[in-house]
């Protein structure tokens, strides 16, 4: 069928089953927005900043497992979106981002709102395209969706000059994708799988090291099965929260810089690391030369470049986790769960020695209490987004996650301003569940304009602002490592968050006590509208325990011992 | 890390499409890898081009380079060579006043010859292993070369 490039974008989205597009119009993308106006195949959510559009698409993708879609214009529209692209790239989030570009005749002339978009997006996307002929669009868009969701997922950027969106060409989406140079390895090598299973059977102190790849490959059920049938204890990375339920007896906790003492000690004492879809990030390993020093390493990952990048893998297996773990489960009889009894005991002793906890020793509310309390009240019924900083670490530590895709956060890039727009995307994809965004008084202001988006589209996100009048995480490092010189981190001067929310048409609460908090949360959930709950929390609370940057996992700064809460 | 760094030749077969070269060079600069030399030319009768990259790094870095290259969508194959025939070409311009017989003899010793003699200059070419090209360039210093162009290494597995 003959149609314009702009119509092709719409038709391709519909053919891909896209139901929601996040975006912001502008000059170079107007032809496509004109077609959006005319269609009813999907809904468009107008964010109030392009960065937020990408984060919203990320939230949508992370919670649903589908490809998130965003649309932006050229020049500043695109450059605003770069942070989002980089964020999605670091966390392997499948996105297709379409941007407008100046007409072909103006490319290279420093035209109005012209920037070399694919030049900029190259290092922060899985792949990108500049489409120079509308006849290429069906193939390019089909490839873009395929590349975004297959293999190690990631964002794909498609830049389309304005004249190409006006150009008429043949549209046929019913085409085979022929990418001779891109064939992700799905099936693991059977010999390597066998060797790995033999190694597990022989190990005395094996440890599962679970990563976000498990969630990306939808392999949480298989992994839970694997863990339970082997009786081998497990640690989760930040990105893997929810792979095992919080109450799983084999889950030790999160490891790394703000991991639990028991998790980090287990990693230091293990003789076999079973790494599944994790990438040995520096926030996880601490000092590399001391990381799991006495252990052999099994590493299963879809991305060969992640294997032996930082830690040498003795048993490398390239493949899709769901596939590989299913194969491994067929050889599960080799493994005798009883062999690890004393190892499990060692680990529970670690956990008893220094449990993950906090002290309620001040008049002000403790941020950790707030997170635990939301967990008690909403638990599985809520999807949890966060911004970046102390509140993010406390959320990862203290929220009772019970399922994969429940925890939506910016892990690799650590993007402040991620949480609110992501929570909008989460709610758009999963409207039945409450969408909570834990945020800080620093982070919330980085995309606070999304109040307008959420109010306009009636997307009732509840933002819980843990307000300590500080850029808390930086303040913590300044306190600990910069001799308490709190350079530019004191946020004593603040907006009235209640009025701020109200000014956009949302509701707001300021709470200082447990009773007030419970009442506010209950009210916000019942009213089902966009809300800010500002919680005045202890100012100087630190995220503990902590491995100082570059230190070894077994050398943690620990919470002072007091009679526990 | 104090792993020793060694010279390596990597050949990359890529789809011959817009901006593929910048994908490769961006990868090197973005991840802090070295490029000593780089040559590109189309592979005859195909939609592919072949890049020959001379790089250096520890074993781990070289492994990462090949893996990261392979991750790029338009990359078909990556060869990390060990047993190879490697050649590099160089063009050198000398003043006409220099001893043309000496220069010709030297060039011949390095698989080359005089390719152009003009009113003011002699232009020579050689093609030899990169290490021998280095030697040649040292040897000709006393003939006051005015301009030197090295072509970068190309290589084939034995």
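Chains as they are written, first to last, in the numbering used here: chain A, 4 to 568; chain B, 2 to 159.
Each residue gets a CB set at the ideal place from its N, CA and C atoms; glycine is no exception.
Assigned exposure category for residue i - 16 Cβ within 10 Å defines buried
i                      : result
residue 42 of chain B  : exposed
residue 193 of chain A : exposed
residue 131 of chain A : buried
residue 109 of chain B : exposed
residue 64 of chain A  : buried
residue 2 of chain B   : Reliability of the predicted coordinates at residue 2 of chain B is poor, the pLDDT of 45 falling under 50, and the value obtained from them is presented with this limitation in mind. By the neighbour-count rule (16 or more Cβ atoms within 10 Å), residue 2 of chain B is not buried but exposed.
residue 512 of chain A : buried
residue 183 of chain A : exposed
residue 256 of chain A : buried
residue 33 of chain B  : exposed
residue 40 of chain A  : exposed
residue 365 of chain A : exposed
residue 318 of chain A : buried
residue 149 of chain B : exposed
residue 440 of chain A : buried
Distance between residue j and residue i (C-alpha atoms, nearest Å)
i                      : j                      : result
residue 305 of chain A : residue 280 of chain A : 8 Å
residue 101 of chain B : residue 108 of chain A : 52 Å
residue 8 of chain A   : residue 34 of chain A  : 9 Å
residue 465 of chain A : residue 525 of chain A : 11 Å
residue 316 of chain A : residue 203 of chain A : 14 Å
residue 398 of chain A : residue 84 of chain B  : 54 Å
residue 16 of chain B  : residue 286 of chain A : 37 Å
residue 49 of chain A  : residue 71 of chain B  : 38 Å
residue 143 of chain B : residue 22 of chain B  : 38 Å
residue 131 of chain B : residue 90 of chain B  : 8 Å
residue 302 of chain A : residue 19 of chain B  : 36 Å
residue 358 of chain A : residue 433 of chain A : 34 Å
residue 453 of chain A : residue 218 of chain A : 27 Å
residue 28 of chain B  : residue 69 of chain B  : 8 Å
residue 56 of chain B  : residue 127 of chain B : 22 Å
residue 91 of chain A  : residue 394 of chain A : 21 Å
residue 508 of chain A : residue 533 of chain A : 8 Å
residue 97 of chain A  : residue 157 of chain A : 4 Å
residue 515 of chain A : residue 271 of chain A : 40 Å
residue 135 of chain A : residue 32 of chain A  : 15 Å
residue 221 of chain A : residue 247 of chain A : 13 Å
residue 140 of chain A : residue 175 of chain A : 10 Å
residue 380 of chain A : residue 492 of chain A : 32 Å
8 Å Cβ shell around residue i - same chain, five flanking residues per side excluded
i                      : result
residue 560 of chain A : 483, 547, 548, 549, 550, 551
residue 553 of chain A : 289, 290
residue 497 of chain A : 444, 470, 472
residue 468 of chain A : 442, 443, 444, 447, 500, 535, 536, 537, 538
residue 104 of chain B : 95, 115, 123, 125, 141, 144
Given residue i as reference, the closest of the options once Cα atoms are compared
i                      : options                    : result
residue 97 of chain B  : B:76, B:115, B:158         : B:115
residue 294 of chain A : A:475, A:50, A:275, A:325  : A:275
residue 350 of chain A : A:236, A:365, A:167, A:409 : A:236
residue 536 of chain A : A:144, A:206, A:423        : A:423
residue 540 of chain A : A:106, A:381, A:517        : A:517
residue 86 of chain B  : B:158, B:5, B:52, B:12     : B:158
residue 557 of chain A : A:480, A:259, A:406        : A:259
residue 228 of chain A : A:340, A:267, A:153        : A:340
Close Cβ partners of residue i (< 6 Å) along its chain, the five nearest in sequence each way excluded
i                      : result
residue 172 of chain A : 137, 138
residue 147 of chain A : 99, 159, 161
residue 87 of chain A  : 54, 57, 58
residue 46 of chain A  : 23
residue 19 of chain A  : 148
residue 181 of chain A : none
residue 354 of chain A : 265
residue 166 of chain A : 106, 107
Cβ-Cβ distance between residue i and residue j below 8 Å
i                      : j                      : result
residue 438 of chain A : residue 490 of chain A : no
residue 322 of chain A : residue 300 of chain A : no
residue 283 of chain A : residue 313 of chain A : yes
residue 210 of chain A : residue 269 of chain A : yes
residue 61 of chain A  : residue 68 of chain A  : no
residue 382 of chain A : residue 407 of chain A : no
residue 49 of chain B  : residue 77 of chain B  : yes
Same chain only: Cβ atoms within 7 Å of residue i, ignoring 5 sequence neighbours per side
i                      : result
residue 53 of chain A  : 27, 75, 80, 83, 84
residue 568 of chain A : Because residue 568 of chain A carries a pLDDT of 47, less than 50, the predicted location of this residue cannot be relied on, and the following value inherits that uncertainty. For residue 568 of chain A, where only same-chain residues beyond five positions count, the Cβ hits under 7 Å are 360, 361, 362, 363.
residue 570 of chain A : The requested residue 570 of chain A is not part of the displayed model; chain A covers only 4 to 568.
residue 425 of chain A : 58, 59, 61, 62, 388, 411
residue 542 of chain A : 471, 472, 473
residue 127 of chain A : 85, 88, 89, 92
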